[in-house]
Each structure stands twice: as C-alpha cells, then as structure tokens.
Amino acid sequence: MRLLALLAAATALLPLVGVVIAALSGPGADIAARDVARYALTSAVLAALVALVTAVVGSVAAWLVVMHRFPGRGVFAWALALPLAAPAFALAYAYADLLDVAGPLRFWMRDALGFDLAIQMRSVPGAVLVLGCAFYPYVYLAMRAALVNQSVSAVEAARMLGASPARAVWRVAVPLARPALAAGVALAVMETLADYGAVQFLAVQTLTTGVVRAWSVYGSTASAAQFALPLMATAAVLLWLERWGRKGRGFETTGARWRPLPVTDLKGWRAALATGFCVLLLTVALILPMGWLLVSSIDVRPEWPRLIEAGRNTLLMGVTGAVVTVALATLLALGADKLPVTARVAGLGYATPGAVMAIGLLLPAGLVWSLIPGATTGLGAGVILLIYAYAARLMAAAVEPIEAGLAKVTPSMVRSARALGRSELGAAWAVRLPLARGALLTAGLIVLVDVLKELPATLILRPFNFDTLAVMASNYALDERLPQAGWPSLIIVGLALPGVIWLTRRVAASRPGSDA
Amino acid sequence: MTGEVLTVRGATRRYGGRMAVEDADLTLTPGRITALLGPSGCGKSTLLRQIAGLEPVDAGSIHLGDRLLSEPGRQVAPQDRGIGLLFQDYALFPHLSVLDNVTFGLRHLPRERRRKRALAELDRVHLADRAAAWPHQLSGGEQQRVALARALAREPGVILLDEPFSGLDRHLRGEVRDHLLTVLRTQGAAVLVVTHDAEDALMMADDLALMDGGRILQTGTPEACYRAPVSAVAAELLGEIQVLEATVVDGVAETAFGPVQAHGVPEGLASVLVRSDQLTPAAEGVEARVTGVRFLGAEHQVSVARGAARARFRATGSPPTVGEVITVRLTVGREAVLAAKR
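From first to last, the protein sequence lines are chains A and B. Under our numbering, the first residue of the first sequence carries the number 429, and numbering increases by one thereafter. Under our numbering, the first residue of the second sequence carries the number 43, and numbering increases by one thereafter.
As structure tokens, then:
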C-alpha cells in the first residue's frame, strides 16, 4: 500500500523534476532574463488584482447567501458557483467582442446614453475582469463553507463579553473566516497564473504565455522551463498558503453542539440590493458572456464534422483522465495515513500550471521515446502523455474528496475486516472503497470538469491533428473567427454544467449535525 | 459585588407552533446556585438564552433588580446586561491566546490593568502558567476553566452555565465540579446551572428548578424536590422512581406493599412515588417474595413481588436469595402520595 502511494506521488513529481532539469540544461533561445522579469511582473500584477476582486466579490456573495434571507437565495446558493463551468477563454472571447469599440455594448451606449466607455479589453484590467468572473467561485465556495460551519457561539460569546454586534463580527467572525479566505484566494491566484487561453487572447503577456511561446515559437524547452521556474516557486508558496488556510491552526471549533445560524431577514430595498447583487454577478460572470457567444454563434453554421471529432476527443480525454486520475488518487489516499508526505507532494502538482506540467513532461518523454523507436509516431503515445499530464496536475484535487470520504470509514471497520480474514488490500477493496463510492464520483467529476476546460497542456502535448474542443475554440479565436469559436466553447459549458451543478449542490449548505 | 435578584416572570418562546418555553417563572438570588434540570429538548437552554439576551421573549418579562432586561418587543442587548455565560462548547476564540481570550471582555480597563486582572483570574482557575497557550493546546477541562475565567473576569452579577459538564469525561466530572463550585462560591453572584444530569444538579444546587416540555414543573430545595415531587415526571428527573398504585381510604393510601399516610388526599385511586431506598427489609411489614437479586458493587438490587405487584429496592449487607419470602416496609410519607388525575 505504502509502495503504491509512493508510486502515485512520484507520478506527480516527475514532471516538476523535468522542469528543473530542462531549465538547467543550458541557455535557452533568445529570450533575455529581462523578458522573464517583465512577464513575471505582469503575472504578479494580474494575480494581485484578481486576488483582490475575487476576495471581495466571493466573500460578499457568500456572506449574503449564508447569513441572509432574500428572494432567490436558495437558487443563488448553488448558481453562484456555476461560472466554474465556463472556461476563462470563453469569457475572454465574449467580452472582447462585446466591449469592442464596434461591439454591440459600446454601440448601444453611444447611441442611447450619448457617451462612450473607453474600455480596452485587451489589457490587464480586461484580463482582471475576465479572470475575476471565472475564478471568484473558488473564494465563494471556500467562504460559504467557512460561514456555514462557523461557530455561532463564538460570536455569541463575544456579545456576552460586552462586545457590540459590529465588534463581535470584526474581532471574532472575520478572523475566524480569514483562513478560508486565504485558501479560496490562493486557488483563484493559482488558476490565474495557470491561465493561458484568456490572457493569450487578451494579449497580456504572463509567465504562462511565456512558457507556451518559448516552446511553440522558439522551440526551446530550456527557455520554456526558465519561464516555468518562478511559476513553480510561486505555486509552492500558494499551496502552502492554501494548506495553512485549510488546516486553520486548530481553528475548528471545540464543541460538538450546533444551533441553526442566525439568518437575517432582508426586507425592502435591502432585499432588492442583495438579489440585485447576485443577479448582476451571475449575469456578468456567466449569462451575459455565454448568452452573447450563443447569439453571435447562432447564425454561423458550425463545422459539424470537426466539432463532433473534437467533442469525442474531449470526452475521451475527460473520461479517461478522470478514471486514471481517480485511480491514482485513491492509491494516494489509501496510503496517505501511512505516508502523509505523499499527498503533499501531489499537491505541488495541482498548484503547478498545466503549461509547466507539459514542459516538464517533454524531457522524460523524449528519453522514453528515444529508447523505444517508433513510439512517437503513434497517436497513442501523445494521448498517454496528455493523460499523464492531467493526472499529475489534478491528482491532488481528486485526493481531497476521496480522503474525506475515506475518513468516514472508521479504523475499527477496517480492523474488523482484517480480523475477519481480509488482507490490507482486501479490506480496502471490500470495505473502504465501497463506503467512499460517492467521494470517488465527486473526485471523478472534478477532474472531468477541469479536463474539459484544459488548454495549455493540451496545446503542447497533443498529437498532431488531435483537437479538443478547447483547442478548437482557441484556434478559431486566434483566426478572429469568434462566432465559430463560440460553438466549441458553448459545448464545453454544456458538458461541464451538469457536473458543476451536481458538485455544488452536493456541498450545498450542509451544516455538521444537520445531517449532510 | 452587591448582587441583585434576577426575576423571570412568565417567560415564553414559540418556534412556529411549538412552545419551547411556556410561562416560566424563575428567581436567581445572589450568592446562591440554582440548577435548572430537565431532559434534552425541554427548553432549558432556550430559557437560559432568554436570560442572556440571545433569545427574545414572546411573552413575560425578565428583570435584574428593578431594571427591565426583556419584554416582548424590547430587550437590552446581551453585551449590556452584565450577565456572564459559560457556553456548553466553551466557545473559546481559537484565534486568540488564552490570555487574550480572558482580556477580551475587559476593554473598559487600561491595558496593564486588563492584563493583571486576566492573570489573576487565570490564577484562580490554576491556569496562569498557560496564559500564552492557544485554546486548541488545552485539554477539555482546561478549556472550560479558561471559559470560566473569561466569564468571571467581568465580575458579572449573574452567571449562567450551559451544561457545564457535558463535554467532560465521567471520571473528571467530580473534580471539575468541586473546583467550579469553589470558584463560583467565592464570586457571590447569582448562578444558574442548566443540566440534564440529576447528580450534577443535586451536587451543585442550593435551589432546584425542574423543567419538562417547556414548563417549569417544580422549584425548591433539592431535598424537597427529591422527597416531595409534584408529579411522577418531576420525580423521574431526579432519579429512578417506582409508581405504586394505591387506593385512599380514610387518609391512608393502601398499596400492595403496605399502607402510606395520606392525610388530606381525596378518596379513591392514587399513586405513591417510591425511590429505591424507600422500600426496606424490616422486622414488621408485609411479606413479599424475592424474584431477583443483582449485584451492584456496594449494594444489591432486590426485586420483590406481592401478588401481581412488583417493586425493587437497594439492599446493603448480605442479600436475600431468590424465592425467599421476606418482610418489607415502605418508608415514604404523605408527600409521596399523589391523587389520580381526574
């Protein structure tokens, strides 16, 4: 068991080692250190701004939904997480078109309001808008979980100790929610740094676009790896931050008694404001951009054969990726109680952008291909490499629900299975896994949704002529054929949406003690 | 501190159609410990939260001395009541050190005094050396002592304790209870302890209030409540009770195990409430057959039958054997006889 877990962890670690070796393997192409610094600065500014936006928007949304009652609250509780189904690049396409000087929104404004809003989407602020919309759900979900699980008595205790309601919130409720906020923002920043499709389309040069460009334009693995190194370092820091937030330094409440949260009834204009905020957020982050993509695509005839093939490829990669990743993650989770360090190593893979992961795989893959001549020619080799990249990157995301599911199996259940004559593996198979069935499905869906939206690693590693929906959308968009790019984007949303709905409803406001 | 009497009059709380607290009267006296005893879900915690100001009253009122604390539609905020509350889960602030937890409520003092006061309070609960620790580094019993120090530091005139022993190991309870009593006694405040455990209630209380189904069934000293329960339900709260059927004739209740004085009880059917120490083997009495004997350590539980009637009692010394016929006598008085409800 321990050996298998170690093996699974090594899977995640291998590409990272690959990056370091590639970066050290010599001077890259004509990309100066100056460029790396410039791209890093853009990445940092972008990450900071997205962190700010997602922190505010996600926290306010969670606070409204958990602590207040207003029209639509029940729907917003899970609907506000739905933008997770939309890939960031799709939002970028839609907004670039919508807010173009000649676009419909600006046109209408000039016409109806008599003034023009000079928004340049192809800029850092534009990217902040798009990525903020795409990634605020991470903060929203983390904060919602924290607020739902908060100890009511801590706030009440503050009141009993003479604190006014405002002081009780400021001195007790806010500090208690801070770790969750840090965890949510860390995830949003990880995704921001990993994003390729949106920033590339919006002509914002980040480290991740640098990685892809160094590889695709200059053909230099070494310089791509040099762009990747600061990303990896940042990822490690973010991962630490996220873990710190989750562990909460013993912030879990001590007692076991739960009373219903004191929910404030909002009336009149306050209720309208709350509902308005949620509607606006959902409109800006999902309905408006996806609606616009739909409207602008509806007139063009989609290229069905290509679309169907790409859809088939996407589903193939998604399902295979999910199965392989969940299998590896399960091994990791089963061994994690014996070897906790393995899960942490896998976490590093999750924090690492897909583009970096892909670059890291090129070197070891090259070694293998050179040993087995003829292997490169097959379609299978590239697909296997791609699945490997997905698994290495998403294993940690899958481990988490599986670990939580396995934690529900008490040690005594496993011990009694052992006492009844099962081996360690046998007990895992007969008792632990069946009981964690729901968690395995959750993990699989998380991987599936992520793979559907994945772009940079697929771009780098895919076999020749092997298109996924995301790659197809990206290619159309680069050719400025936005209406055509709408179709694959919308199909991705359509495929991911049921999964996201299922996932968010599953974690929906269940409070310990109230029977999840 | 000179305490004031806290008076609850007709406090009521409805949740939808359900009455959580119904027309409850309660008086808390400075220097005395009142235990509010009832099964879980009987409304005792709701009543405590009403006194704390965390829950409104739908009817009735709560006063501290002459000062109105709660009435329907109007209530003094929890932070302005001068009432201390020890939460069941202690509710320590996990992001503050032990010392900062205790100083939290001392904002009115200058910084240095605050620290001194908190340390003195921690010293009183023997935790001065853990002032720099974090709450999660403490054991359950230590956490409770910090919570107590935190509540007492403000020198509240009224202290409320919500199930103070529910989170503790059985064998720790006695020790914690004694310590808690000592600390509370020196404070001189009016104390309310809410509990579902009869032993805790009896051990701590100067005054006892029995609660069930949202209503306060009986108040009085622990002895009075134990010996003269107002109903079988009230009696059951304080420990195992046996109900013997009886018929009252001429001021005497005749049971299967002998007569009980019942002066003034209406003639006819009645119940006699008997605790397991109130039926004893005696030289004179009625004959009963022993149907079972169980070893309980210091004593034995003996089951006896007389015709169709059955009863149990606790016997010290060498027990009778099963099948043996022994003489037993009821040692209850008038207060144990309840007329049947019509």
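For every residue, glycine included, the Cβ atom is placed at its ideal position computed from N, Cα and C.
query                                                                                                                                                                               : result
Is any beta-carbon of chain D found at less than 8 Å from that of B:P120?                                                                                                           : This model lacks chain D altogether, as its protein chains are A and B.
Are A:D544 and A:R550 close, meaning C-beta to C-beta below 8 Å?                                                                                                                    : no
When you compare the CB of A:V576 with every CB in chain B, is at least one pair closer than 8 Å?                                                                                   : no
From B:G334 to A:A845, what distance separates their C-alpha atoms?                                                                                                                 : 40 Å
Taking only beta-carbon atoms, is A:R685 less than 8 Å away from chain B?                                                                                                           : Low per-residue confidence applies at A:R685: pLDDT is 45, beneath 50, and the placement is therefore not dependable enough to give any value.
A:V600 CB to nearest chain B CB: under 8 Å?                                                                                                                                         : yes
Locate the beta strand (DSSP E) running through B:P301, then write down its first and last residues.                                                                                : G300 to Q303
Report all residues from its chain with a CB closer than 6 Å to the CB of A:A856; omit the five preceding and five following residues, and keep chain order.                        : L762
Could you check where the alpha helix (DSSP H) with A:I449 kicks off and where it finishes?                                                                                         : R430 to L452
Tell me, to the nearest whole angstrom, how far the beta carbon of B:I75 is from that of B:D248; I am working on the premise that it is less than 8 Å.                              : 5 Å
Please check the pair A:A514 and A:A562, which I expect to be a contact at CB under 8 Å, by giving their CB distance rounded to whole angstroms.                                    : 7 Å
Examine chain B for any beta-carbon lying closer than 8 Å to the beta-carbon of A:E584, and answer yes or no.                                                                       : yes
Determine the burial state of A:I736: buried for a count of at least 16 other Cβ atoms within 10 Å of its Cβ, exposed for fewer.                                                    : exposed
With a threshold of 8 Å between beta-carbons, can A:G719 be considered close to chain B, or not?                                                                                    : no
Kindly indicate which three-state DSSP category A:T662 falls into: helix, strand or coil?                                                                                           : helix
Just the Cα atoms here: how many angstroms apart are A:P733 and A:V784?                                                                                                             : 32 Å
For the structure I just gave you, are there three or more beta carbon pairs, one from the stretch 285–304 of chain B and one from the stretch 312–324 of chain B, closer than 8 Å? : yes
Taking DSSP's pairing of strands, which residues face B:F337 in a bridge?                                                                                                           : B:H342
In chain order, what residues of the same chain have a beta carbon less than 8 Å from the beta carbon of A:E680, not counting five sequence neighbours either side?                 : Confidence at A:E680 is low in this model, with a pLDDT of 48, below 50, so its placement is unreliable and no value can be given for it.
In chain A, which residues lie less than 7 Å from B:R149 when you measure between Cβ atoms?                                                                                         : G590
Could you work out which residues of chain A lie near B:R196, taking near to mean beta carbons separated by less than 8 Å?                                                          : L589 and G590
Note down, in chain order, all residues in the stretch 643–665 of chain A with a beta-carbon under 8 Å from any beta-carbon belonging to chain B.                                   : none
Using only alpha-carbon positions, find the residue among B:G58, B:G115 and B:N143 that is nearest to B:Q186.                                                                       : B:N143
Following the continuous beta strand (DSSP E) through A:F563, name the residue where it begins and the one where it ends.                                                           : Taken as a continuous stretch (DSSP letters only), A:F563 belongs to no beta strand (DSSP E), being part of the alpha helix (DSSP H) at V552 to V576.
What residues in the stretch 195–214 of chain B have a beta carbon less than 7 Å from any beta carbon of chain A?                                                                   : R196 and G209
Just to confirm the assignment, what range does the beta strand (DSSP E) spanning A:A924 have?                                                                                      : Not the beta strand (DSSP E): A:A924 falls in the alpha helix (DSSP H), residues L910 to R934.
Going by the beta-carbon positions, is the gap between A:T482 and A:G554 smaller than 8 Å?                                                                                          : no
Mind checking whether A:L630 and A:A472 have CB atoms under 8 Å apart?                                                                                                              : no
Skipping 5 residues on each side, what residues in its chain have a beta carbon closer than 7 Å to that of A:G749?                                                                  : I815, Y818, A819, V875 and V879
How long is the line joining the alpha carbons of B:L279 and B:G255, rounded to whole angstroms?                                                                                    : 12 Å
Which of helix, strand or coil does DSSP assign to B:V367?                                                                                                                          : strand
Are the beta-carbon atoms belonging to A:A826 and A:A871 less than 8 Å from one another?                                                                                            : yes
Around the C-beta of B:H137, are 16 or more other C-beta atoms found within 10 angstroms, so that it is buried, or is it exposed?                                                   : buried
For a quick check, are the C-beta atoms of B:I368 and B:A325 less than 8 Å apart?                                                                                                   : no
Please report the distance separating the alpha-carbon of A:L469 from that of A:Y624.                                                                                               : 16 Å
With 8 Å as the limit, tell me which residues of the stretch 548–559 of chain A have their beta carbon closer than that to any beta carbon of chain B; keep them in chain order.    : none
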